[in-house]
């Protein structure tokens with residue numbers, strides 16, 4: 001892959017920094033032409049130069065001020081390498097002098113010489129390579145600083161091992177010898193502490209062990225065909241060896257080949273810095289135009305034409321971002337590069353022209369701005385995601401811009417992917433509006449789903465999500481989200497259910513209604529939208545009684561139309577207090593409730609059942625014998641009946657049975673059979689009985705045969721008899737009258753005050769037999785019926801002939817015996833027409849005359865008896881007032897013991913001990929003449945009361961007048977007052 005295929009960016013700023021001492025040849029810093037090595041250490045940069053006094057090591061700070069300078073070696077030596085050990089703050093210098101062993105010195109930056117105040121040489125090492133005629137071509141130090149590796153131009157590799165930092169001795173040995181020069185060395189240390197040495201030559205790449213004796217054998221040949229050029233080897237932060245070949249950048253591990261990056265560009269030098277960037281020094285021509293997308297920074301071109309032999313021969317610097325695979329910086333300088341190092345958060349490049357080039361990385365925001373301006377949002381996102389200094393909100397903004405960019409290009413799906421990743425609490429509305437168009441709505445669910453997953457969704461978002469699913473027909477996701485968030489507080493239940501129903505997703509709407517406890521709505525959907533009556537019933541029987549009641553009140557009519565018996569069974573259980581959730585009704589071979597119904601059926605053809613008992617036999621044919629009763633009996637089995645709640649009033653459900661009279665009758669019979677168990681009000685029971693009575697008569701009127709009509713009327717009659725005391729008589733009479741049910745009218749008037757009305761009703765309807773039934777049934781208690789019957793029997797020839805003379809004679813006989821009418825009234829009643837003749841009442845008149853004669857004789861005898869008794873009483877009174885009375889009583893009337901004094905004797909011939917009378921008076925002149933006989937006293941008081949009443953009546957002329965005005969029989973009133981003493985003055989005899 002050529003460099004032109006890489007994206008080029010200007011993520012770094014380059015600036016040449018001339019030596020501030022460039023005018024002073026004796027005090028030059030990095031522009032000294034004798035500079036042989038340079039190294040960054042702490043906050044200073046050290047470099048080695050050759051002076052007349054010897055080899056000097058100098059150091060300058062960030063302000064380019066000289067801070068250190070000391071003689072490190074004598075004249076004739078050249079410092080080839082400098083390394084800094086930060087943990088020990090030791091600077092290592094490696095110096096060469098042909099013909100002499102390599103001289104290594106360790107300078108302590110924290111232990112200064114007391115005399116010179118410069119770093120003190122802590123230890124010195126000599127490294128011998130044969131005759132020492134070949135220069136060092138590579139140098140490396142291990143991480144623990146206990147192993148030094150030296151590579152030579154003759155292909156030799158020498159290891160120096162020991163406690164070098166503390167100057168406690170060391171050993172060196174030749175570990176490898178090659179026919180080709182050594183071009184690179186690097187140490188690799190695994191987690192177990194095993195140290196391996198990478199070795200590169202111009203022809204191959206190998207590894208060498210560093211522990212134990214080594215007889216020049218390689219540990220592993222990593223690449224036998226490719227070596228590495230001098231300066232094109234670097235160690236990565238992961239311990240991999242990075243080698244720059246002309247066609248690629250290749251990674252090697254201690255185990256073999258690693259990945260490679262195709263990069264076809266000539267490479268002079270290669271540096272791996274900052275765990276991310278690769279600095280590549282290559283050749284280039286100023287006249288060449290950059291490749292497509294390449295950004296060239298010409299600010300580094302500090303070209304001194306007087307010093308350039310060939311203006312068009314230059315050095316090019318590339319900074320490769322291996323993490324994000326792009327060229328982060330590209331520039332050209334007019335001279336070769338001596339070294340590259342990093343310090344003060346910048347990269348520094350020292351050219352052979354003595355100019356130090358500072359390469360500063362732009363801050364991450366500036367880099368992101370560059371990428372965004374070029375619409376390279378994906379790379380900007382990748383770059384920002386890898387930087388801890390970039391907060392998440394900035395990344396979200398970039399993603400949002402990327403989404404806007406793609407949206408404007410018409411790549412709606414890809415744009416949505418970025419919108420999803422850039423969600424913020426306040427930015428959802430804009431995206432939703434963009435994708436509200438029907439042509440783009442397919443991408444909107446993904447955004448709304450993510451909002452929900454991030455807990456940023458509102459009720460409106462969730463509602464819109466369900467709307468999208470229904471419009472797109474995405475049933476799978478619709479069902480998934482319904483199950484996931486059906487209990488969530490952010491679900492707008494009403495809106496989502498409405499959407500599902502409008503879009504035809506009735507099952508999902510019903511599921512939501514069930515989950516939210518909207519059981520009635522669930523039933524409504526199952527009935528009206530889905531039309532699955534069986535599922536609806538199965539759902540209902542698993543609800544609580546209160547919910548079932550509300551549902552049945554509103555929907556039982558539809559259920560009865562499809563499944564009359566099953567629905568009736570549920571209603572019976574519900575309104576008789578036996579309902580429990582999950583109940584099973586039925587025990588026959590067809591099943592428990594509803595199992596006989598096929599899954600696809602919406603109704604079932606059920607037999608017509610005409611009583612509760614027959615219904616129970618049909619639904620549960622295996623009932624125990626002790627639960628079985630006659631069909632027309634309505635009973636309750638308290639042993640097997642265990643109510644779980646107080647049942648509602650049955651009248652709530654009456655309207656549902658509009659077209660189901662048989663089921664209504666079954667329901668009413670069941671409710672009546674269990675009514676007394678709960679102690680309901682008598683009025684409610686009366687309503688139930690009246691309704692059932694009405695339904696019996698209704699079905700009787702609709703009967704097709706006389707036998708069927710008789711059966712229903714017989715049920716009504718039985719009901720009226722069994723519950724006569726509990727039924728409302730007026731209602732019963734009205735229903736019977738409307739249905740022309742005479743038996744019911746008889747039942748209704750079988751009470752005080754109603755017999756006459758029912759008789760008159762039969763008379764009005766010319767129902768002679770009905771009138772006779774009423775007469776025979778109620779006349780003993782209501783004698784007035786005989787009076788009405790007398791007039792009715794002779795009202796017409798047809799009635800008289802149907803009744804018969806014998807029945808008329810019975811009525812006349814009772815009227816005579818009971819004195820219901822006077823003979824004159826009887827004659828007047830029979831003489832209104834010519835139906836009854838004299839022969840008809842002859843026997844009646846004879847009996848009347850005979851009885852009148854007997855009464856007259858009896859009254860005469862009674863008068864004579866009263867007169868004789870009165871005369872006797874008067875004679876006795878005269879005798880008591882005029883003649884003395886002899887009292888010979890020997891015993892006390894009170895205590896029935898022998899009389900002794902003091903005693904009290906009365907003219908009534910009763911005698912008492914004085915002590916028995918409880919009176920303190922004495923006999924003789926002190927005796928109280930007002931003493932009264934205790935035995936006769938009650939009779940005396942009664943006589944006095946009668947006398948006082950007569951006295952009162954004699955003075956109450958106003959009472960006499962009022963009674964006379966209101967009386968129908970004036971003569972009887974006068975005689976009554978005369979007998980009570982109202983006419984004459986009364987006095988006590």
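Numbering (the UniProt record's numbering), first residue to last: 1 to 989.
Built from N, CA and C at the ideal position, the CB exists for glycine as well.
On a predicted model such as this, the values are computed, not experimentally measured, just so you know.
Those residues which DSSP pairs with residue i across a bridge
i	result
residue 196	188, 209
residue 315	283, 333
residue 40	45
residue 121	107
residue 359	14, 347
residue 271	279
residue 82	93
residue 234	242
residue 251	242
Cβ-Cβ separation, residue j to residue i (assumed contact under 8 Å), whole Å
i	j	result
residue 696	residue 670	Not quite, the Cβ-Cβ distance comes to about 15 Å (not below 8 Å), so this is no contact.
residue 398	residue 368	7 Å
residue 466	residue 499	5 Å
residue 233	residue 184	3 Å
residue 361	residue 139	Rounded, the Cβ-Cβ distance is 28 Å, inconsistent with contact.
residue 317	residue 279	7 Å
Residue interval of the alpha helix (DSSP H) (run including residue i)
i	result
residue 745	742 to 748
residue 564	564 to 575
residue 773	768 to 778
residue 509	506 to 515
residue 1068	There is no way to answer for residue 1068, as the model of the chain reaches only from 1 to 989.
Straight-line gap, residue i to residue j (C-alpha atoms, nearest Å)
i	j	result
residue 813	residue 784	14 Å
residue 513	residue 495	12 Å
residue 325	residue 421	23 Å
residue 274	residue 492	54 Å
residue 81	residue 45	14 Å
residue 542	residue 522	13 Å
residue 990	residue 483	Look at the range of the chain in this structure, 1 to 989, and you will see that residue 990 is not part of it.
residue 971	residue 689	52 Å
residue 171	residue 108	22 Å
residue 163	residue 423	58 Å
residue 551	residue 526	12 Å
residue 827	residue 652	59 Å
residue 265	residue 244	9 Å
residue 676	residue 727	14 Å
residue 763	residue 771	7 Å
residue 207	residue 261	22 Å
residue 643	residue 478	42 Å
Residue i - containing beta strand (DSSP E), residue span
i	result
residue 172	170 to 177
residue 66	66 to 73
residue 259	256 to 262
residue 910	Looking at the DSSP string, residue 910 is not in any beta strand (DSSP E), and its letter there is neither H nor E.
residue 55	54 to 60
residue 412	Run containing residue 412: none in the beta strand (DSSP E); it sits in the alpha helix (DSSP H), 412 to 421.
residue 141	136 to 141
residue 150	147 to 152
residue 903	903 to 905
residue 158	156 to 162
Per-residue burial, residue i [other beta carbons within 10 Å of its own, 16 or more giving buried]
i	result
residue 43	exposed
residue 536	buried
residue 798	exposed
residue 969	exposed
residue 859	exposed
residue 221	exposed
residue 776	exposed
residue 310	The pLDDT assigned to residue 310 is 42, lower than 50, so where the model puts this residue is not dependable; a value taken from the coordinates is nonetheless given after this. Its Cβ having fewer than 16 others within 10 Å, residue 310 is exposed.
residue 1050	In the structure as shown, the chain starts at 1 and stops at 989, and residue 1050 therefore has no counterpart that could be examined.
residue 888	exposed
Neighbour flag for residue i against chain C, beta carbons, 8 Å
i	result
residue 54	In the structure shown, chain C cannot be found, because there is only a single protein chain.
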